[in-house]
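Okay, so here's the structure we're looking at.
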Amino acid sequence: MNKKQIVVGVVVVAIMGYLYSLPVKGLIKASQTHDTARAAPAGKAVSSVTVATVSEPAKTAIGPALSAKINELEGQLANASTDAAKLPIEKQLATRWDDVNQPAPAAFYYQAVARKENSSDTWLKAGNRFNDAFKITQDTAVTPAFITGAVEAFTNALKLKPQSLEGKTGLGVAYVNGGASPMQGIALLREVIAQDPENINANLNLGLFSMKSGQYDKAVQRFKTVISKKPDFESYFYLAETYKQLGQKPEAIAAYQKCKELMPDPVFGQRIDQYIKELKN
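As structure tokens, then:
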């Protein structure tokens with residue numbers, strides 16, 4: 001498997017995983033949204049989830065060829081005896097995992113680097129990777145660790161740069177994903193929108209949360225805003241899903257077709273064709 005295939009695979013998993021997490025005849029009602037947030041089994045401690053926990057399945061996903069350099073760096077890290085010696089190796093590992101689009105192990109390495117350097121940029125990288133890992137994983141045993149990591153990272157980033165819109169957006173998403181402080185998370189995202197009405201990440205996530213609470217008209221406007229700034233296949237996919245929920249079939253079909261054009265992957269294309277066929281029948 002090459003890097004391009006991995007990129008396509010990870011993004012497809014993210015949006016298809018999102019779709020399959022929803023009920024067949026609609027999305028989660030507002031009163032249920034946060035009660036059904038992905039959580040680990042009661043006996044699973046967040047502290048038991050480590051970089052080793054998430055690295056092994058990631059290596060399986062990318063294959064032995066792309067894992068070889070990572071294994072070599074892990075060996076060097078194991079032999080490093082001081083923080084000063086570990087730091088450059090952790091940076092390399094974070095970058096390596098980024099290069100093969102595996103956000104979970106990348107997040108833990110960026111977290112390790114940020115704890116040593118305490119820089120806003122590295123905390124933001126750690127937080128974004130934790131949120132990305134939450135989005136694509138199907139393993140509910142590890143999601144609380146991703147939420148905890150994201151909250152720590154964005155909180156520390158905001159301590160260093162209190163007005164960071166990226167930090168506020170990431171923290172807002174983490175709060176909503178965690179389910180414990182959903183309204184605080186939504187408030188942060190709205191604060192970002194108030195300062196930057198066309199903020200891509202904040203609008204995308206507010207659109208997703210609007211879908212989950214059944215506010216489809218609001219979701220349409222959010223996704224249209226995103227598309228006006230960054231017309232990618234993911235945003236068109238969510239727009240199509242929203243139109244479908246609204247019963248606006250022609251608009252949903254057009255959005256699906258645009259989505260397919262922007263993601264030239266055969267398997268994904270077949271799935272989109274099936275959605276279009278169902279709408280036409």
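One point on numbering: in the UniProt record's numbering, the residue at position 133 of the sequence shown is 133, and numbering is uninterrupted. Cβ atoms here follow ideal geometry from the backbone N, Cα and C, with glycine treated the same way. These numbers were taken from a predicted model, which means no experiment stands behind them.
What first and last residue would you give for the alpha helix (DSSP H) that runs through residue i?
i	result
residue 278	266-280
residue 250	249-262
residue 101	Taken as a continuous stretch (DSSP letters only), residue 101 belongs to no alpha helix (DSSP H), as it is neither H nor E.
residue 242	233-246
Any beta carbon from chain B within less than 8 Å of residue i's own beta carbon?
i	result
residue 53	This model lacks chain B altogether, as it is built from one protein chain only.
What is the DSSP secondary structure of residue i, counted as helix, strand or coil?
i	result
residue 117	helix
residue 199	coil
residue 161	coil
residue 142	coil
residue 82	coil
residue 226	helix
residue 180	coil
residue 213	coil
residue 132	helix
residue 24	Per-residue confidence for residue 24 stands at a pLDDT of 30, beneath the threshold of 50, marking its modelled position as unreliable; no derived number is given.
residue 322	Nothing in the structure corresponds to residue 322, since the chain is present only between 1 and 281.
residue 88	helix
residue 8	For residue 8, the pLDDT reaches just 49, beneath the cut-off of 50, and the residue's location in the model is therefore unreliable, although a value from the coordinates is still provided. The answer is helix: DSSP assigns residue 8 an H, G or I state.
residue 167	helix
residue 172	helix
residue 137	coil
residue 149	helix
Measuring CA to CA, which of the options is closest to residue i?
i	options	result
residue 282	135, 134 and 161	Nothing can be reported for residue 282, as the shown portion of the chain is limited to 1 through 281.
residue 195	107, 169 and 174	169
residue 216	59, 248, 148 and 183	248
residue 111	101, 153, 257 and 136	153
residue 225	101, 277 and 193	193
Would you check whether the ligand SAM has a heavy atom nearer than 7 Å to the C-beta of residue i?
i	result
residue 88	As for the ligand SAM, it is missing from this structure, which has no ligand bound.
Exercise for the section: Please determine if the segment 145-163 and the segment 203-217 are in contact, where contact requires at least 3 C-beta pairs separated by less than 8 Å. Expected result: No contact exists between the segment 145-163 and the segment 203-217.
Problem - the segment 52-64 contacting the segment 82-91, beta-carbon criterion three pairs below 8 Å - result: No, the segment 52-64 does not touch the segment 82-91.
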